[in-house]
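**Student:** Residue numbers (this note's numbering): 17 to 243.
Positions of the beta carbon are idealized from the N, C-alpha and C atoms, including for glycine.
Since we're looking at a predicted model, the values are computed, not measured.
(1) Using 10 angstroms around the beta-carbon of residue 68, count the other beta-carbons present and answer buried if the total reaches 16, otherwise exposed.
(2) Measure the C-alpha to C-alpha separation of residue 169 and residue 71 and round it to an integer number of angstroms.
(3) Going by other Cβ atoms of all chains shown within 10 Å of its Cβ, with 16 needed for buried, is residue 110 buried or exposed?
(4) Short of 6 Å in beta carbon distance, which residues of its chain neighbour residue 120, apart from the five on each side in sequence? Order them along the chain.
(5) Tell me where the alpha helix (DSSP H) around residue 190 begins and ends.
(6) Taking the alpha carbon of residue 221 as the point to measure from, which residue in 167, 112, 66 and 182 has its own alpha carbon closest?
(7) Run the CB neighbour count on residue 123, radius 10 Å, all protein chains shown included, and call it buried at 16 or more, exposed below.
(8) Measure the C-alpha to C-alpha separation of residue 240 and residue 149 and round it to an integer number of angstroms.
(9) Can you tell me which of the three DSSP states residue 151 falls into?
(10) Taking only three categories from DSSP, how would you classify residue 171?
(11) Helix or strand or just coil, what does DSSP make of residue 212?
Listed below in structure tokens is the structure:
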């Protein structure tokens with residue numbers, strides 16, 4: 017139990033550090049996009065080599081020029097070898113980021129509310145004896161109604177098809193992850209503020225992906241729920 021608490025504390029601390037870094041200003045001067053703007057890569061004046069901001073001793077990949085939100089020149093294995101590949105990887109990253117942010121909040125909430133909701137509807141709780149949520153590593157997915165999985169697949173397919181259509185036909189103003197979904201009108205009109213919001217989303221998504229991996233490892237290794 018002590019090890020579990022230490023692991024949870026480290027996970028929470030690292031998550032807060034990651035989230036905080038998204039809002040800490042690096043210098044007193046205010047840039048156009050604020051503290052979330054992509055950092056300017058360092059350039060060796062003698063050789064004209066531009067170094068990666070993420071890995072300062074490595075040359076920045078040519079495609080990662082800082083124009084995309086959250087781009088700090090991190091591609092040490094050179095996966096993105098063309099503009100098309102780069103856009104595909106960003107599409108995948110933003111999709112996984114959004115799912116991870118939902119999971120990072122939904123996973124602990126499910127462990128807090130599962131028994132209460134089950135009792136209210138006179139259903140059997142889905143949590144196991146150690147209060148772990150059903151997952152591939154924990155088991156228990158068979159207790160979830162197939163109707164739920166079908167609904168999830170249909171919902172995901174509709175969203176993915178919409179995004180693919182916009183990307184394929186290059187809808188006006190399209191960029192990876194832009195589904196034209198903003199029912200509350202929160203997306204700014206100003207270009208600098210748009211970049212700020214895009215960078216905030218991708219940074220928080222990256223932290224969420226690490227957090228969800230931490231949840232899974234904690235529950236599998238320590239046999240304890242996240243909460």
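**Tutor:** Reading from the atomic positions:
(1) The count along the chain shown starts at 1 and reaches residue 68 at position 52. Buried is the label assigned to residue 68, since at least 16 other Cβ atoms lie within 10 Å of its Cβ.
(2) As a working note, residue 169 is residue 153 in the chain shown. As a working note, residue 71 is residue 55 in the chain shown. Residue 169 and residue 71: Cα-Cα distance of roughly 38 Å.
(3) Here the question's residue 110 lines up with position 94 in the chain shown. When all chains shown are included, residue 110 counts as buried.
(4) Counting from 1 along the chain shown, the entry for residue 120 is found at position 104. Listed in chain order, the non-local C-beta contacts of residue 120 below 6 Å within the same chain comprise 224, 227 and 228, local neighbours out to five positions each way being set aside.
(5) Taking the first residue of the chain shown as 1, we reach residue 190 at position 174. Looking at the DSSP string, residue 190 is not in any alpha helix (DSSP H), and its letter there is neither H nor E.
(6) Numbered from its first residue, the chain shown carries residue 221 at position 205. Comparing Cα-Cα distances from residue 221 to each of 167, 112, 66 and 182, the minimum goes to 112.
(7) Start at 1 with the first residue of the chain shown, and residue 123 comes out as number 107. By the 10 Å Cβ count, residue 123 comes out buried.
(8) Taking the first residue of the chain shown as 1, we reach residue 240 at position 224. Taking the first residue of the chain shown as 1, we reach residue 149 at position 133. In a straight line, the C-alpha of residue 240 is about 10 Å away from that of residue 149.
(9) Indexing the chain shown from 1 puts residue 151 at position 135. The answer is strand: DSSP assigns residue 151 an E or B state.
(10) Start at 1 with the first residue of the chain shown, and residue 171 comes out as number 155. Helix.
(11) Position 196 of the chain shown, counted from the first residue, corresponds to residue 212. The answer is helix: DSSP assigns residue 212 an H, G or I state.
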